[in-house]
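Residue numbers (our numbering), protein chains in the order written: chain A, 1 to 361; chain B, 1 to 250; chain C, 1 to 294.
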């Protein structure tokens, strides 16, 4: 089943929305909050997986774009009292500009040099919140008020509304991203990723294509940031550290790089896993120093193990599982089939054990 | 089918039996059997994609065969790693990429001696280097220069010199004349003949340029789509006009 | 003027630390084309090992040497267990694995050594040196830091250039196929490379911890700046790593000292420097000018 057509995508989105609605009504407040959390991450991870998987540009700093979206939304809500949707769109625009600037700076960079730039971006941008405390509120940050609309009644739980809003935004983002991926733009991204020289000879403007990918991924992250602002009711630098950027990348790769369903798996993993491991640790009543670090160590171990066991990510693993039942799918490429992006330089520089050994899969 | 180099030992130094090898879903060698007579030059010919390069890679260990045997002096070494094969006496000069341009000429040569047992004395190594410089004067002139500064012919010389420093019994050459001017190509071919006649080296030569390969070879094997379609001494192959037209392009 | 001298010397001291981290990253990158995100974490862990040894034996130098040895071992172990399986897989997998390794190591450090900030001793006095009555802004210890990194760097450079083992590593890094066909056991060389990188990282950790205190996240910022320094210099250039480290150390020291609101803007200054360098040289300062496209 491929997602080549718009009706199919919309249909899948609607089905997902119904499932989430059902869960949000049946589950308790905490679970609603978790649904909201996952829905917050999905656009950011999806944008990153498109940037890195389809367009071949690694980014260790998309948390910075989330911060931009979040702070923009908070400031608009706080100082100008805009309605949320307007703030959302405006923040997306601001983030798009930021993404364009970064994209232009990054257009000529490859592999680890791009990684270095985006890493430092992810570290430096949040520090501006401390440098200009008057505007950004330093450590305590800015608080965000977000309430359920009147038509839902006074007793409607806020967390459920937050889950609904986040889910809708997430699904809309996914559908739009899918449209992009299957369009000429998406093909250009893949062409530039696979062979820049050939793409350029084909008439593709490499710099514009790459910058556009950054803009798109930044907008997705910005939307996620806006959602995070209303879900946590607070925008503070502590939530947008480099840890966030790294978590996004981790989610994208583990879910399956270049795959939109993979963005969902990855988001589920980074939201649910730490909670689960913490629960297991505290239920064993371990001392605070040991107990609070076991989830951390376990999280790291899981990352390593999943990566070693599922080199193509969870989505790749699922696909292989599926072919066991249905036989090899000769159909060609949907975005999920993206080969590895070029973090390494061009082939003639690669020194690692690159001799062709039969049987390594 | 053994080679018939007159006056030489007729048991093959290298033999490949029913070799099957490929990449992923593609089979590049389909039950190929070839023998290379000791101290003889065996040419492996055929169009692009026939499997010639894969054959050399399967022998030198760059590619692990799926089935079949690689016999060196009677012992089956199929599936060994390249590091092991070179220590067993098989030196492979791959197509195109040979020289390490970021290293000097002398450093490139020293790399060739990396398969020597660690206890080998420095004096032995220096002597071997001197011998290489003696045989290849242009390399001696440029010993401290980066290999990147060498011309095409000099690079080929360096690559062969380096392979010789591994003290092989069998030398696998993949398209040594590729990209070289005709005069330089002739020099390389002369060198190959010299190595076999004067030094008793067993040589397996993969060449696109079948005519010049058959001119110096003792025995020839023609591959097509991963199978052996002809195997005979060089003169017979060169005389078979139909074969030449069909598979060898001349 | 005195202030300028202080900032300069302090910048050099920190710059050498960044250089050490940058060197370890370059070593691994050149040899294996892997970005080792766990480098800082590994350094932190070996420093904790050192401090435990120092507490038990009372000797700084025993702890120092143990840290370096532990770094060597840790590097080798990590490469053999966790990195080697990623060698023929998509390159980003190795990045995620090293990130997982980082998180795992930081968690383990918290478990074994506790999360509180610990002070790390020095072998040399940290009081400021003076010429006449004027404070220089550096201590004997800072001089030791710079000297230690310099000595180790030069020793490594000499080893790479003049020894057979060094040639083996360079050949394996430049062209693994030719290296293997020449009999170089490239897999072993890669492992040794990781061991050396671990040693360098351990050195950086031990040298910087007296200034930063020691806790599971103490090397995170050092790692980021070390990585930045490596990128500025060019990831294939050890010389670039040292130059990049010094450059960054000095620039950050000056901006932290002279800029209004400087200490908060240090990461931004680093970003600006990086952007400027990469705009002019996308491969870092010491990258080769030709970009081979085919």
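Think of the CB as a built atom: it goes at the ideal place given N, C-alpha and C, for glycine as much as any other residue. Remember, predicted model here, so these are calculated numbers, not experimental data.
Straight-line gap, residue i to residue j (C-alpha atoms, nearest Å)
i: residue 156 of chain C; j: residue 114 of chain B; result: 21 angstroms
i: residue 278 of chain C; j: residue 129 of chain A; result: 25 angstroms
i: residue 272 of chain C; j: residue 214 of chain A; result: 19 angstroms
i: residue 258 of chain A; j: residue 190 of chain A; result: 10 angstroms
i: residue 185 of chain A; j: residue 320 of chain A; result: 28 angstroms
i: residue 88 of chain A; j: residue 165 of chain A; result: 11 angstroms
i: residue 24 of chain B; j: residue 103 of chain C; result: 35 angstroms
i: residue 283 of chain A; j: residue 292 of chain A; result: 12 angstroms
i: residue 239 of chain A; j: residue 46 of chain A; result: 19 angstroms
i: residue 20 of chain A; j: residue 220 of chain A; result: 21 angstroms
i: residue 7 of chain C; j: residue 270 of chain A; result: 42 angstroms
i: residue 103 of chain B; j: residue 98 of chain C; result: 31 angstroms
i: residue 41 of chain B; j: residue 46 of chain C; result: 57 angstroms
i: residue 247 of chain B; j: residue 136 of chain B; result: 35 angstroms
i: residue 236 of chain A; j: residue 224 of chain A; result: 15 angstroms
i: residue 105 of chain A; j: residue 114 of chain A; result: 9 angstroms
i: residue 241 of chain C; j: residue 195 of chain A; result: 30 angstroms
i: residue 195 of chain B; j: residue 196 of chain C; result: 42 angstroms
Delimiting residues of the alpha helix (DSSP H) encompassing residue i
i: residue 49 of chain A; result: 29-49
i: residue 16 of chain B; result: Run containing residue 16 of chain B: none in the alpha helix (DSSP H); it sits in the beta strand (DSSP E), 12-23.
i: residue 103 of chain B; result: From DSSP, residue 103 of chain B is part of no alpha helix (DSSP H); its letter is neither H nor E.
i: residue 45 of chain B; result: Run containing residue 45 of chain B: none in the alpha helix (DSSP H); it sits in the beta strand (DSSP E), 41-45.
i: residue 200 of chain C; result: 186-212
i: residue 114 of chain C; result: Per DSSP, residue 114 of chain C belongs to no alpha helix (DSSP H) and is neither H nor E.
i: residue 173 of chain C; result: 164-174
Among the options, the one whose alpha carbon lies nearest that of residue i
i: residue 244 of chain B; options: B/34, B/226, B/208 and B/68; result: B/208
i: residue 381 of chain A; options: A/15, A/64, A/145 and A/168; result: This structure does not reach residue 381 of chain A, given that chain A is present from 1 up to 361, and the question cannot be answered.
i: residue 124 of chain A; options: A/252, A/243 and A/324; result: A/243
i: residue 91 of chain A; options: A/298, A/146, A/73 and A/314; result: A/73
i: residue 211 of chain C; options: C/141, C/34 and C/252; result: C/141
i: residue 204 of chain C; options: C/33, C/23, C/230 and C/288; result: C/23
i: residue 251 of chain B; options: B/250, B/238, B/88 and B/73; result: Here chain B comprises residues numbered 1 to 250, so residue 251 of chain B is not present and cannot be evaluated.
i: residue 192 of chain B; options: B/159, B/250 and B/224; result: B/159
i: residue 75 of chain C; options: C/27, C/120 and C/107; result: C/27
Integer-rounded CB distance, given that residue j should sit under 8 angstroms from residue i
i: residue 21 of chain B; j: residue 66 of chain B; result: 6 angstroms
i: residue 110 of chain A; j: residue 32 of chain A; result: In fact, because the Cβ distance is near 43 angstroms, the residues do not count as touching under 8 angstroms.
i: residue 198 of chain C; j: residue 283 of chain C; result: Residue 198 of chain C to residue 283 of chain C, Cβ: 26 angstroms. No contact.
i: residue 13 of chain C; j: residue 146 of chain C; result: 6 angstroms
i: residue 172 of chain B; j: residue 101 of chain B; result: Their Cβ separation, rounded to whole angstroms, is 22 angstroms, which puts residue 172 of chain B and residue 101 of chain B out of contact at 8 angstroms.
i: residue 252 of chain A; j: residue 48 of chain A; result: 5 angstroms
is_contact[residue i, chain C] using C-beta, thresh 8 angstroms
i: residue 320 of chain A; result: no
i: residue 299 of chain A; result: yes
i: residue 100 of chain B; result: yes
i: residue 65 of chain B; result: no
i: residue 79 of chain B; result: no
i: residue 7 of chain B; result: Because residue 7 of chain B carries a pLDDT of 45, less than 50, the predicted location of this residue cannot be relied on, and the following value inherits that uncertainty. No, no contact with chain C.
i: residue 157 of chain B; result: no
i: residue 307 of chain A; result: yes
i: residue 253 of chain B; result: Residue 253 of chain B lies beyond the range of chain B shown here (1 to 250); nothing can be said about it.
i: residue 272 of chain A; result: no
Residue-level contact to chain B via CB, residue i, 8 angstroms cutoff
i: residue 295 of chain C; result: No statement about residue 295 of chain C is possible, as the shown extent of chain C runs from 1 to 294 and does not include it.
i: residue 283 of chain C; result: no
i: residue 182 of chain C; result: yes
i: residue 167 of chain C; result: yes
i: residue 158 of chain C; result: no
Test: residue i CB closer than 8 angstroms to a CB of chain A
i: residue 52 of chain C; result: no
i: residue 264 of chain C; result: yes
i: residue 238 of chain C; result: no
i: residue 143 of chain C; result: no
i: residue 191 of chain C; result: no
i: residue 227 of chain C; result: yes
i: residue 206 of chain C; result: no
i: residue 96 of chain C; result: yes
Residue i - containing beta strand (DSSP E), residue span
i: residue 219 of chain B; result: 219-224
i: residue 86 of chain A; result: Segment 84-106 is the alpha helix (DSSP H) holding residue 86 of chain A; no beta strand (DSSP E) there.
Any non-hydrogen atom of the ligand NAD within 7 angstroms of residue i CB
i: residue 129 of chain B; result: In terms of ligand content, the structure shown is empty, and the ligand NAD therefore cannot be addressed.
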